[in-house]
Every structure is written in structure tokens, then in C-alpha cells.
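Trainee:
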Amino acid sequence: MDQIHLMKVFVAVGELESFAAAARRLAISPAAVTRAVSALEEQLGVKLLLRTTRSVRLTEAGGRYLEDTRHILASIIEANEAAAGINAAPKGDLAVTAPILFGKKFVMPCIVRYLQQYPEVDVSAFFLDRVVNLVEEGMDVAVRIGQLPDSGLKALRVGKMRRLLCASPEYLERHGTPRHPSELQKHEVIAAGTLSPRTDWRFGAIDDPTLIRMKPRLTVTSNDAAIAAASAGLGIARLLSYQVADEVAAGRLQVILAEYEEAPWPIHILHRESKYGSTKVRTFIDMLAEHLRSQVHLA
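In the UniProt record's numbering, the protein residues as written are 1 to 299.
(1) Are three or more beta carbon pairs between the region 231-238 and the region 176-191 nearer than 8 Å?
(2) Taking the runs of the alpha helix (DSSP H) that are 4 residues or longer, which of them lie wholly in the region 199-281?
(3) Using the C-alpha atoms, what's the distance from R162 back to G204?
(4) Output yes or no for whether 9 Å exceeds the beta carbon distance between S29 and V56.
(5) Assign M287 to one of three DSSP states: helix, strand, or coil.
(6) How is I4 classed by DSSP in three states: helix, strand or coil?
(7) For K275, I'd like the list of residues in its chain whose CB is within less than 7 Å of its CB, leaving aside the five on either flank, ordered along the chain.
(8) Tell me whether A27 sits in a helix, a strand or coil according to DSSP, three-state version.
(9) Compute the beta-carbon to beta-carbon distance between Y260 and P181, rounded to the nearest angstrom, for a pair I have assumed lies under 8 Å.
(10) Kindly indicate which three-state DSSP category T97 falls into: helix, strand or coil?
(11) On a Cα-Cα basis, can you pick out the residue from F106, L218, T59 that is closest to R144?
(12) What number of angstroms, rounded off, separates the C-alpha of I111 from the C-alpha of W201?
(13) Under 6 Å Cβ to Cβ from P266, same chain only, skipping five residues before and after it: list those, please.
(14) Considering only the alpha carbon of each residue, which of E290, Q295, T283 lies closest to L115?
(15) Output yes if chain B places a C-beta closer than 9 Å to the C-beta of P149; else output no.
(16) Would you kindly work out how many angstroms separate the C-alpha atoms of K104 and H291, rounded to a whole number?
(17) Considering only C-alpha positions, which residue in the set P169, E262, I227 is nearest to I212?
(18) Compare the C-alpha of E137 against each of A22, V9, A89, P264 and name the closest.
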């Protein structure tokens, strides 16, 4: 079998840890995936994967070979693109993901400009308020807000974002304005995010935070629902500054306890590409980074 084909199949299996998922990504049969991996292992004379009926894991040799193979395949792509002149004209499919409201407000304008500038690129935008696995879900570029866990992804910091406590003027007039985080336990609280009977809000420095645990009056899974509830006077919500910028500017929401805010959350662009990555990804990241860094009101 063709060596490059074998490498592509192995990389798909190694990244997804699944023969079936690799077959779907590559649009070939599971049997063809199995044959390719077996042929590669026989050719190299080493076991790359440990397979059971329930799981697929990389051996130590397989982990090293996966990293080396990624670089080799990326170098081939770069060489092909350079030879074909694609560096001057990105083309192909690009998958981008970001949080819902952030994507609509800040990423979508950049996508529109990018498509206008590069007519041979097609973009799929997935705006979701959950952490998207770039490898398993086939994303090229992601925008993340918050601290990043350790991973093999490349990250480019492009800004930061405040987390604000806010409530409607009507609510504060009825219930009073809290002067310290400890007073929040006496108030109606709106929680956005994971459904849980308890909500923990942290205040102050990262290395020495104050933790306030509360029982929300309302818990919702979307930020826009929390904004609507807070604007209607139901209680106090904690949201990111860009999410409530319009409501605060219009006077529908009022920021409280600003002096006790925790440190702003970083904003990163994440991608899977190495320095050999495709032109469409590099040019989009460059444009998106410049665009987000120009949005001074993000901070």
C-alpha cells in the first residue's frame, strides 16, 4: 500500500482512538482502516496500537510515531500547496467554532470578510456554548474564553474578558444593592451553565479567591436566557462583559460588586496545525487574531 495513505490512516486512528471513527473521517470502510494499520505495523516491525473490543490505545512507540507522522504529512501538504501556488490563494473547507454570543458578535464579521477576500474557501461555523473537541469533531480553529487545560493544541492569546455581576435597576431597587460578595446569599441568583443545585462564584485574586456558594433561584443552560431573566428583574446573574454590553449601555442591567471581580479571563484562538499548517488555516487565524485584538472593548 502507498506509504502516505498508511500514515494518514494511522494518524486518524491515533487521534480518534477508534477504527470506526477514523473510517468515517477518511470516508473508507473500517476493514480498509484495519488492513492499513496492520500493513504499517508489519512494514515497521513494531506494534503501534493496542486494540481491545472496547478501546484503542497508542503504544509508546505508536505515540512517538504519531507525532513524527503528523509533521511528515504536514510537510507534504505545505510542499504541495507551495508547488500549486495555493499560498497565494487559500482554498478548501474550514471549520470554525466559538461560544454562541461571542461567535455572533465578533467571529462572524471576520468570517464574512474572510470569505469575501478568499472566494475559494468554504467555512462551516459552529457557535456552541460548550467545549468542542477539535480533533474528534473535525474543527480547524476554535475561540476559547477562560483558562486552558494542558493539551496538544496550539494557542494564540488575543485578549481578555471580564466576568460581571449584574442585575436590573428594578431588582436592585426592590432588594437593595449588595456591597460585599457575602451578601449575595440573601439575594435571588440566576445561574447560567451546568445544571446544578448549587453554584459557586469566586471573587478576588486567582491565588487567594473568596468562594461564595449559593442555591440559584433559576438555572439555565444558555447565556441569552440568563440575560433575559436578569433584565426582567428576576435576580443577579454572572456573565461575561461582552454578553451584557448592550444591556448595560441601555440601562437594562447594572454592574455590581465590580471591585471584587476575579482576574479577567483570557481569550485564545486554538488550532491543531503545526508550523507546516495549511494556508487557509494560517490566513484565517491571522485575520481573526488581528480582528479580535482590535476590539478594545473586549477587555
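The beta carbon of each residue, even a glycine, is placed where N, CA and C say it ideally should be.
Mentor: In short, the structure shows the following:
(1) Three or more beta-carbon pairs drawn from the region 231-238 and the region 176-191 are found closer than 8 Å, and the two stretches are therefore classed as touching.
(2) Counting whole runs of 4 or more residues, the region 199-281 contains the alpha helix (DSSP H) stretches 223-231, 241-250.
(3) What you label residue 204 is simply residue 204 of the sequence shown in a count that begins at 1. What you label residue 162 is simply residue 162 of the sequence shown in a count that begins at 1. Between G204 and R162, the C-alpha separation is close to 12 Å.
(4) Residue mapping note: residue 29 aligns to position 29 of the sequence shown, counting from 1. Residue mapping note: residue 56 aligns to position 56 of the sequence shown, counting from 1. No, the pair does not count as a contact, with Cβ atoms beyond the cut-off.
(5) One-based indexing of the sequence shown puts residue 287 at position 287. Of the three classes helix, strand and coil, the one that applies to M287 here is helix, per DSSP.
(6) By one-based count along the sequence shown, residue 4 stands at place 4. Helix at I4.
(7) Along the sequence shown, one-based indexing puts residue 275 at 275. Here the model assigns K275 a pLDDT of 49, short of 50, so the residue's position is not dependable, and the following value carries that caveat. Residues of the same chain with their beta carbon placed closer than 7 Å to that of K275 are lacking, with the five preceding and five following residues left out of the count.
(8) In the sequence shown, the residue the question calls residue 27 occupies position 27. Per DSSP, reduced to three states, the secondary structure at A27 is coil, with no helix or strand assignment.
(9) As a working note, residue 260 is residue 260 in the sequence shown. As a working note, residue 181 is residue 181 in the sequence shown. About 5 Å separates the two Cβ atoms, so the contact holds.
(10) Start at 1 with the first residue of the sequence shown, and residue 97 comes out as number 97. Note: T97 maps to strand in three-state DSSP.
(11) Indexing the sequence shown from 1 puts residue 144 at position 144. When only C-alpha atoms are compared, the closest one is F106.
(12) As a first step, residue 111 is located in the sequence shown; it is residue number 111 there, counting from the start. As a first step, residue 201 is located in the sequence shown; it is residue number 201 there, counting from the start. Taking the CA atoms as reference points, I111 sits about 34 Å from W201.
(13) Sequence index remark: in the sequence shown, residue 266 carries index 266 (1-based). Cβ within range, chain order: R157, K160.
(14) The sequence position of residue 115 within the sequence shown is 115, counting from 1. Comparing C-alpha distances from L115 to each of E290, Q295, T283 shows the shortest one belongs to T283.
(15) Checking the listed chains, one finds no chain B in this structure; it contains a single protein chain.
(16) As a working mapping, residue 104 is identified with position 104 in the sequence shown. As a working mapping, residue 291 is identified with position 291 in the sequence shown. So the two alpha carbons sit approximately 14 Å from each other.
(17) Taking the first residue of the sequence shown as 1, we reach residue 212 at position 212. I212 has its Cα closest to that of E262, out of P169, E262, I227.
(18) For the purposes of this step, residue 137 is taken as the residue at position 137 of the sequence shown. The residue with the shortest Cα to Cα distance from E137 is A22.
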